[in-house]
Every structure is written in structure tokens, then in C-alpha cells.
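Each remark here refers to the structure printed beneath this line.
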Amino acid sequence: MEVSINLETNVESVVLQPDYYLSNFKILLSFVADRYSFLLSEKESRFYKTFSCLSADAQKLLTRCYMRKGQLFRLDKLNYTEINDKDEALKELINANLVSELESQSVADWITLFNKAELVKAFNKSEWKNFKRKELELFVIEFCENHDIPQAIIDHTILFVPSDNFETYRLLFFGNLRQDLTEFVLQDLGLMTYESYSISDKSLAIKNRDEIDALKTLHELSELIHSRPEWTPELMDQAIERIPQLQSQSTLYLRRRSKIIYALARENERMGEYARAAEMYPQSQHELARERYIRCLEKLNKPELAWYELQKLDAEATSFHDKSFVLTFEKKLAKRLRETVKNRTSFYIEEQAIQLSRSQRSVELDVCDWLAQQGGVAYWTENSVFNTLFALIYWQGIFEDIEGAFYNPFQTQPADIYEPLFITRRESTLLKIRQLFQDGSCFRSHIRDTYQSKYSLACSFAHWQMVDAELLDTLLEKVPFSDMDKITQRILSSPKEFRSGQPDLIYFDNNGNYELIEVKGPGDRLQNNQKAWFDFYQKNNIPHRVIRVIYDD
DNA sequence: GGGCATTCCG
DNA sequence: TTCACACGTTCCG
DNA sequence: GAACGTGTGTCTCGGAATGCCCGG
Ligand SMILES: [Mn+2]
Ligand SMILES: [Mn+2]
98 MEVSINLETN
108 VESVVLQPDY
118 YLSNFKILLS
128 FVADRYSFLL
138 SEKESRFYKT
148 FSCLSADAQK
158 LLTRCYMRKG
168 QLFRLDKLNY
178 TEINDKDEAL
188 KELINANLVS
198 ELESQSVADW
208 ITLFNKAELV
218 KAFNKSEWKN
228 FKRKELELFV
238 IEFCENHDIP
248 QAIIDHTILF
258 VPSDNFETYR
268 LLFFGNLRQD
278 LTEFVLQDLG
288 LMTYESYSIS
298 DKSLAIKNRD
308 EIDALKTLHE
318 LSELIHSRPE
328 WTPELMDQAI
338 ERIPQLQSQS
348 TLYLRRRSKI
358 IYALARENER
368 MGEYARAAEM
378 YPQSQHELAR
388 ERYIRCLEKL
398 NKPELAWYEL
408 QKLDAEATSF
418 HDKSFVLTFE
428 KKLAKRLRET
438 VKNRTSFYIE
448 EQAIQLSRSQ
458 RSVELDVCDW
468 LAQQGGVAYW
478 TENSVFNTLF
488 ALIYWQGIFE
498 DIEGAFYNPF
508 QTQPADIYEP
518 LFITRRESTL
528 LKIRQLFQDG
538 SCFRSHIRDT
548 YQSKYSLACS
558 FAHWQMVDAE
568 LLDTLLEKVP
578 FSDMDKITQR
588 ILSSPKEFRS
598 GQPDLIYFDN
608 NGNYELIEVK
618 GPGDRLQNNQ
628 KAWFDFYQKN
638 NIPHRVIRVI
648 YDD
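Position one of the first sequence corresponds to residue 98 (the numbering used here), numbered consecutively onward.
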């Protein structure tokens with residue numbers, strides 16, 4: 098039986114209104130004003146009122162600025178045909194205190210707004226022409242210390258458009274600061290379609306005022322870390338100083354704070370600051386924080402404490418990663434402390450070595466071809482196959498209207514998907530789904546129905562382009578339901594831990610069998626999360642293989 | 001002038 | 001705003 | 001072998017414009 102697919106909407110046929118972005122911006126503002134007014138400061142509430150009273154031109158100009166990067170703009174670069182009277186709009190915005198002309202004389206503020214040619218010309222220094230951007234900036238800065246800023250620069254009107262109010266609205270609307278107004282456009286153009294869950298009045302991303310400021314700070318720290326700066330002790334001090342100390346049980350807040358603390362502590366390790374790192378890790382709920390903490394204790398010459406923490410971790414360890422860490426690290430510590438270690442069986446798996454001649458393509462594709470020569474067909478899918486099946490099977494649970502799970506219209510997964518309570522909150526729905534499978538015959542139609550009705554809807558686990566209708570048919574035909582069920586149940590038990598680590602290939606031979614195959618190049622080895630899956634396959638009689646490629650040179 | 005990254009836009 | 005994976009180097013017992 | 005750092009392809013799309021660098 099074939100799986101048919103709804104045709105996607107024709108992207109070309111969609112034409113947006115000239116003021117599409119203003120409509121979207123207004124939707125965002127009113128959504129927040131309706132749901133979160135109890136969190137807004139006086140200033141933020143006034144912002145909404147003030148904005149609403151502006152002329153359409155002024156609203157458009159301000160929104161256009163918010164859509165751009167940064168808070169400083171050259172007036173001559175703000176050109177929009179749909180704005181009738183830019184100068185009048187600007188006057189309005191300045192009167193409303195939403196925009197001001199830049200007063201700062203600081204070079205660093207305006208220098209990025211000019212390109213090299215403009216700077217060379219404005220300073221009338223043709224000898225600077227061949228400098229690289231970085232060098233040129235140094236000369237400009239030095240020159241401005243002793244001279245007036247050239248008229249050619251001053252002649253440009255530079256606008257300062259503070260975005261802190263908008264950032265608050267954006268944070269409350271999305272529940273994060275990574276999404277922005279382009280979400281609306283992508284949806285309107287039909288490039289992205291979201292599941293139509295309902296968002297109740299009580300389903301809020303943030304519930305305390307203090308969390309707003311804390312989350313903003315965490316986002317700034319996250320951007321700092323992501324920019325990979327040169328970590329000097331001073332910079333690190335400043336960063337750590339900024340970590341919010343707010344006591345809140347909000348999982349959103351704790352998760353993001355834990356991530357920042359972990360990243361900064363890890364950076365302290367690289368700087369050799371093990372003592373400080375060891376102070377930080379216990380404050381983080383990051384899944385690797387306990388391991389790093391113990392490593393730091395060992396570096397700090399506290400093997401007894403490290404041993405104690407390691408035994409504690411061993412008793413509580415649930416993840417394969419923690420267990421294998423305990424296994425290797427206790428040997429190292431035991432030697433030092435003359436302790437004895439329990440005899441544990443470590444993971445082992447046989448590899449099949451094959452010899453191939455070098456090609457231009459990836460080793461995975463080489464093995465796909467090799468398998469095809471043996472008969473049958475192989476797909477390079479990594480995690481996408483079983484994550485997609487997981488989504489298809491448990492879709493109704495994943496997108497169930499649970500309070501707090503969905504708080505903006507552009508989510509690809511519920512907010513609590515990585516929490517242990519995810520399953521408990523959806524217990525009855527998940528049970529109903531499982532009951533469908535009691536007689537073992539309904540699962541195919543359940544999966545097919547979901548595939549057909551939800552096809553192309555955005556879900557962080559569903560990879561529609563990777564698992565096309567043909568592959569889905571093959572899967573349903575060749576993979577026994579009991580295997581599919583075991584694997585997807587495992588993903589359900591901890592989506593965060595088990596959404597990765599699945600092998601490279603899925604292979605279907607000519608005798609109706611399937612097999613999960615990990616390809617390893619000459620210098621590559623199984624990673625921990627890959628071992629965890631193979632361990633699971635071994636214990637559950639799921640067909641699996643590791644193929645080691647050797648190139649004949 | 002080509003190659004590449006970033007930004008803006010719909 | 002990654003994240004998942006592969007690959008190369010260094011270090012140590 | 002263990003541990004670490006880094007590179008690469010996914011990136012929520014795809015095109016146009018801009019800016020920078022580098023080699024001819
Ligand atoms: Mn792989
Ligand atoms: Mn592989």
C-alpha cells in the first residue's frame with residue numbers, strides 16, 4: 098500500500114501585503130499585552146500605548162529598525178518605498194522618545210557603520226587604502242584621539258534605536274530570544290507550517306518579572322560564549338559576575354542557566370582554573386556537570402573527595418555516558434588511592450572489516466554502494482529514521498495541549514519534552530496510543546495515518562524529506578513492529594538522551610531482513626552514545642553491525 | 001574579479 | 001543557536 | 001586508549017546586495 102502525500106502550498110503564489118511586517122509586529126505586541134500585562138513594567142506597558150498612537154509611517158520605520166541587527170543605524174541607509182514620509186516619521190519617533198540621534202562621540206559606536214572606502218575618503222587618507230579592515234580601524238581610532246571627527250562623518254545622521262522594550266516583548270512572545278519576526282513571514286509564505294495546538298491563557302512561558310531580566314542576561318552571556326572570545330581572567334570575572342543568582346524553580350530558567358554555568362566552568366578548566374570550575378559545576382544541572390566536577394576534584398589533588406563523588410554518581414548513574422565514565426575513571430582513581438574496583442564487564446562489539454578503494458565521496462556512501470553490490474539497498478539516515486517514527490507514533494502525545502507546553506505559535510516541540518515529567522503529564526494519551534498496538538496490527542495504519550495527515554508539519558523529531566513515502570513503506574514492511582516499538586519507546590523514555598547516537602545506515606537485504614549499520618573509517622571509533630545504542634541492540638536482538646572500512650592505498 | 005561571509009528581505 | 005558526528009593531535013600509564 | 005580541540009554539514013528558505021580579502 099502506498100502512502101500518499103498532501104501537495105504543499107505553492108510558494109510562488111503567495112504575495113504579502115506591503116505592510117506585512119507591521120501587521121506581524123502588532124500581533125506580537127498585542128499577544129504579549131493580552132497575556133503578560135501583569136509582568137510588564139510601567140515603561141514597557143507605556144511602550145505599547147505609545148506605539149499604538151503613532152502614525153503608520155512612524156510605526157513602520159520603527160519596526161524596520163527592530164528587524165535589523167543592532168541599535169545604531171545610518172539614516173541614509175533606511176530606505177523603504179512603502180514609507181511615505183521618512184523625515185516626518187523620524188520626528189514623531191524622536192518626540193515619542195523611541196529614537197534619538199546619536200550624541201556619543203565614541204568612535205567604536207559609529208565606525209562599524211562605514212565601510213573601508215567611506216572611511217578612507219572621509220579622513221582623506223589615501224595611504225590607508227590598502228590596510229585590512231582591522232588595521233584601518235586602529236588608525237581611525239588613533240587619529241580620532243587627537244583630531245576632530247571629520248565633517249564627512251558628522252554629516253551622516255546616526256540613529257540610536259534602543260531595543261530593550263521590544264526585546265522584552267519578543268522574549269515574552271516566543272519564550273526565547275532566538276526566534277524573531279521572520280517566523281511570521283516563513284509561515285505566511287508556506288515555507289514552514291506548524292501544528293495547530295491551542296495556547297491557553299494560562300500557558301505562559303514566563304511567570305515572574307525577575308525571570309525576564311535573568312533570561313535577558315543569560316542570552317547575552319550565551320552570545321558572548323558563542324562569539325568565542327579570548328578568555329582573559331578579567332573577562333571571565335565579568336562573565337561570572339553576570340550570572341543571575343535569582344532563586345527560581347522555572348525549568349526554562351534553570352535549564353538555560355545550567356548551560357551557561359557549564360560552558361563557563363568548562364572554559365575555566367581550559368584556563369587551568371580548576372578550583373573555580375569545581376565551585377561552578379555543582380550549580381549546573383547540565384548532564385555532563387557531575388563528570389566534569391569529579392575530573393576537577395582529581396586535578397585539584399582531592400582524590401578522596403573525587404572517589405566519594407564518583408561512588409555517589411555510580412549509585413545514581415542512569416545514563417550510559419555516566420556509567421562508562423565511572424568505569425574508566427574509577428580505575429584511574431583506585432590506583433592512586435589503592436582502592437579495589439569492582440569487576441565490571443565493559444562494552445565490546447565485533448567489527449566487520451572491509452577493504453575499499455578510495456573515493457571522492459564520504460565513507461558512508463561508499464559502504465552504501467558496497468552493500469548494494471551484496472544485494473539490497475541501504476540508506477544513510479543516522480537518527481532521522483527512528484526519530485521520525487517516534488514522532489509518528491507518539492504525535493498526539495507530543496502535541497497534546499498540556500498547560501505550559503505551548504506558549505507561542507511557532508513551536509516544533511513542547512516546552513517540557515526534555516523533562517522527566519513529560520511522560521507522566523501525558524500518561525493517558527500515551528496509554529491510549531499503546532493500546533492501539535495491543536493486537537499488533539493497527540500500528541501500521543496508525544503510522545501511515547499520522548504520516549499522511551501531519552506530513553510537512555514542523556516537528557523537531559520528524560524528518561519528512563529524509564523519510565519519504567517510499568522509505569516509510571519499506572520500514573513498515575521490513576522492520577518488525579516489536580523492534581520499532583522497543584526503539585521508539587526508548588526514545589520516549591528520554592528524548593534528550595536517545596535522540597542521537599543511532600547508526601549511520603539502515604540496510605534492507607533481498608531476503609526481507611533489515612539491519613542497522615554503523616560505518617567507521619580508518620581512524621574513527623564508536624562514540625559513547627553510539628555504544629549505548631549498540632548495547633541496547635545486543636540486549637534486544639535488534640539486527641546490527643559495525644563495518645570498519647580499510648582503504649587499499 | 002572571484003570567492004566567501006554576512007545582512008536584509010519577503 | 002545550536003547540535004551531531006568525524007577526524008586529528010596530545011598526553012599518559 | 002583516553003581526552004581534547006576542531007572541522008563540517010544540518011542549520012527553518014532562498015535570493016540579492018554588500019563588504020572584505022586575495023590573487024592575478
Ligand atoms: Mn555518522
Ligand atoms: Mn559512522
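All residues carry an ideal CB built from backbone N, CA and C; glycine is no exception.
{"Asked": "Proximity winner among Tyr371, Tyr378, Met164 and Phe135, relative to Ser355 (alpha-carbon distances)", "Found": "Tyr378"}
{"Asked": "Distance, Thr254 Cα to Phe170 Cα", "Found": "8 Å"}
{"Asked": "Chain-ordered list of residues that sit, by beta carbon, closer than 6 Å to a heavy atom of ligand 1", "Found": "Glu479 and Asp601"}
{"Asked": "Secondary structure of Ile180, DSSP reduced to three states", "Found": "coil"}
{"Asked": "Residues near Ile639 in its chain [Cβ-Cβ closer than 8 Å; skip 5 each side]", "Found": "Asp580, Lys583, Ile584, Leu613 and Phe633"}
{"Asked": "For Val616, the three-state DSSP class (helix, strand or coil)", "Found": "strand"}
{"Asked": "Cross-strand partners of Trp477 (DSSP beta bridge)", "Found": "Leu602"}
{"Asked": "Nearest to Gly167 (by Cα), restricted to the options Leu256, Leu136, Lys222 and Glu139", "Found": "Leu256"}
{"Asked": "Proximal residues to Pro326 (C-beta, below 8 Å), its chain only, five neighbours per side dropped", "Found": "Leu332"}
{"Asked": "Residues sharing a beta bridge with Thr290, DSSP", "Found": "Leu554"}
{"Asked": "C-alpha gap between Asn262 and Ile588, whole angstroms", "Found": "40 Å"}
{"Asked": "Among Ser454, Asn273, Ser324 and Glu215, the one whose alpha carbon lies nearest that of Phe507", "Found": "Asn273"}
{"Asked": "The region 474-484 / the region 232-248 touching (three or more Cβ pairs under 8 Å)", "Found": "no"}
{"Asked": "Identified DSSP bridge partners for Val646", "Found": "Ile451"}
{"Asked": "Selection from Leu136, Ser134 and Ile180 that minimises the alpha carbon distance to Ala153", "Found": "Ile180"}
{"Asked": "When Ile499, Glu516 and Asp285 are compared against Ser297, the one with the closest alpha-carbon", "Found": "Ile499"}
{"Asked": "Span of the alpha helix (DSSP H), counted from its first residue to its last, around Arg171", "Found": "Note, Arg171: premise wrong, no alpha helix (DSSP H); beta strand (DSSP E) at Leu169 to Arg171."}
{"Asked": "Bridge partner(s) assigned by DSSP for Leu256", "Found": "Phe170 and Glu198"}
{"Asked": "Cβ-Cβ distance between Ala374 and Glu366 below 8 Å", "Found": "yes"}
{"Asked": "Reduced DSSP category for Asn103 - H, G, I as helix; E, B as strand; rest coil", "Found": "Because Asn103 carries a pLDDT of 41, less than 50, the predicted location of this residue cannot be relied on, and the following value inherits that uncertainty. Asn103: coil per DSSP, three-state reduction."}
{"Asked": "Helix, strand or coil at His316 according to DSSP, with G and I counted as helix", "Found": "helix"}
{"Asked": "Spatially closest choice to Tyr648 from Met563, Ala475, Leu175 and Arg455, by CA coordinates", "Found": "Arg455"}
{"Asked": "Any non-hydrogen atom of ligand 2 within 7 Å of Glu308 CB", "Found": "no"}
{"Asked": "Cβ-based neighbour list, Ala219, same chain, cut-off 6 Å, excluding 5 preceding and 5 following", "Found": "Pro247, Ala249 and Ile250"}
{"Asked": "Helix, strand or coil at His244 according to DSSP, with G and I counted as helix", "Found": "coil"}
{"Asked": "Beta-carbon spacing of Leu136, Leu269 below 8 Å", "Found": "yes"}
{"Asked": "Cβ-heavy atom distance, Glu376 to ligand 3, below 7 Å", "Found": "Questions concerning ligand 3 fall outside what the structure shown contains, since the ligands it does hold are ligand 1 and ligand 2."}
{"Asked": "Exposure of Pro592, with buried meaning 16 or more beta-carbon neighbours within 10 Å", "Found": "buried"}
{"Asked": "Cβ pair count under 8 Å reaching 3, the region 306-313 against the region 338-346", "Found": "yes"}
{"Asked": "Leu434, buried or exposed, once every other Cβ within 10 Å from all chains shown has been counted against 16", "Found": "exposed"}
{"Asked": "Proximal residues to Arg353 (C-beta, below 6 Å), its chain only, five neighbours per side dropped", "Found": "Leu315"}
{"Asked": "Run of the alpha helix (DSSP H) containing Thr147, from where it starts to where it stops", "Found": "Glu139 to Cys150"}
{"Asked": "Start-end ranges of the alpha helix (DSSP H) lying completely within the region 300-380, minimum 4 residues", "Found": "306-323, 330-339, 348-367 and 371-377"}
{"Asked": "Completely contained alpha helix (DSSP H) runs for the region 492-540, where each covers 4 or more residues", "Found": "518-522 and 524-533"}
{"Asked": "CA-to-CA distance, Leu453 to Asp650, given in whole angstroms", "Found": "9 Å"}
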